[in-house]
Each structure stands twice: as structure tokens, then as C-alpha cells.
Amino acid sequence: MTSTDYISFNACPEVAEKITSWLKHLLIEKKSSRHTIEAYARDLSQFGSFLRHHLGNPASLKDLETLRAMDFRSFLADRRRQGVESRTLARQLSAVRSFYRYLERNEILANPALSALRA
883 MTSTDYISFN
893 ACPEVAEKIT
903 SWLKHLLIEK
913 KSSRHTIEAY
923 ARDLSQFGSF
933 LRHHLGNPAS
943 LKDLETLRAM
953 DFRSFLADRR
963 RQGVESRTLA
973 RQLSAVRSFY
983 RYLERNEILA
993 NPALSALRA
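Each residue of the sequence shown is one higher than the one before, counting from 883 in my numbering.
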């Protein structure tokens, strides 16, 4: 696919498989650039790492479905504390939103808490 094949998504296998499917969807159907896909893959890996620490275990689909707006805000605050700039934060939130839209369109899960966030 792309050089994202080496990225660990820090999630349980079912979530990692959905992320891989989403990235393939971006590449094949959306015709996203390789750079966008690589950036989004890194963003989801960082989100997964945060969730693993935040939840105490690799995120499952059920975990993704039950996250609250506060959890998404905590991710953004954590990234900000790490020195991530506003444009990168906006892209990371965009990547997470895009992944959740993909999950919802494919009737895998829905989480309305994400719509409460602004970049």
C-alpha cells in the first residue's frame, strides 16, 4: 500500500484492521495523496497510543463507540502539552473525524461526542 504498513496503531486487532481498511479507502476510493495517508496513519497511531494510556488497554471498537467529548479533548490537550502546533492538532482532529465518519458510513459504530469538538 504505502509506507504506513510499518505503523503500529496501538489498538486491538479489530480496530487496527478497520484503520487499515479506512486507509485503503482513502487511497483507492478517495484518491488521497500518499502524504495525506501517511500523516493520517501517524495521527491514528498517536490517538491509539493516547487511548492505550488513557483507557489502560488497547482500544476496542466498543471503546471507540463510548468515548466522550472529554476523552477527545484530553487527547488534544495531551498533544498540545507535547508541543504540537495548532495546524497539526487540527489535522489530527480531522484524521480522527474522518476515521469515525468511515466507521459510521460502514455501519460499524457511531459516536456523536466527536461532533461536539471544534478544531
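No residue lacks a Cβ here, since even glycine has one placed at the ideal position from N, Cα and C.
Residue i versus the options, residue with shortest Cα-Cα distance
{"i": "ALA972", "options": "ARG983, CYS894 and TYR922", "result": "TYR922"}
{"i": "GLN928", "options": "LEU958, ARG983 and ARG950", "result": "LEU958"}
{"i": "ARG979", "options": "ARG916, LEU946 and CYS894", "result": "LEU946"}
{"i": "ARG998", "options": "VAL966, GLN964 and ARG950", "result": "The sequence shown places Ala at residue 998, rather than the Arg named in the question. Selected option, being the one with the closest Cα: ARG950."}
Exposure of residue i, with buried meaning 16 or more beta-carbon neighbours within 10 Å
{"i": "ARG961", "result": "buried"}
{"i": "ALA898", "result": "buried"}
{"i": "LEU937", "result": "exposed"}
{"i": "PRO994", "result": "exposed"}
{"i": "GLY965", "result": "exposed"}
{"i": "ASN939", "result": "exposed"}
Reduced DSSP secondary structure (H/G/I, E/B, other) of residue i
{"i": "ALA995", "result": "helix"}
* Complete runs of the alpha helix (DSSP H) confined to the region 951-981 [at least 4 residues] -> 951-963
* Asked: Between the region 975-989 and the region 892-911, do three or more beta carbon pairs fall short of 8 Å?
  -> As far as the Cβ criterion goes, the region 975-989 touches the region 892-911, which means the pair count is three or higher.
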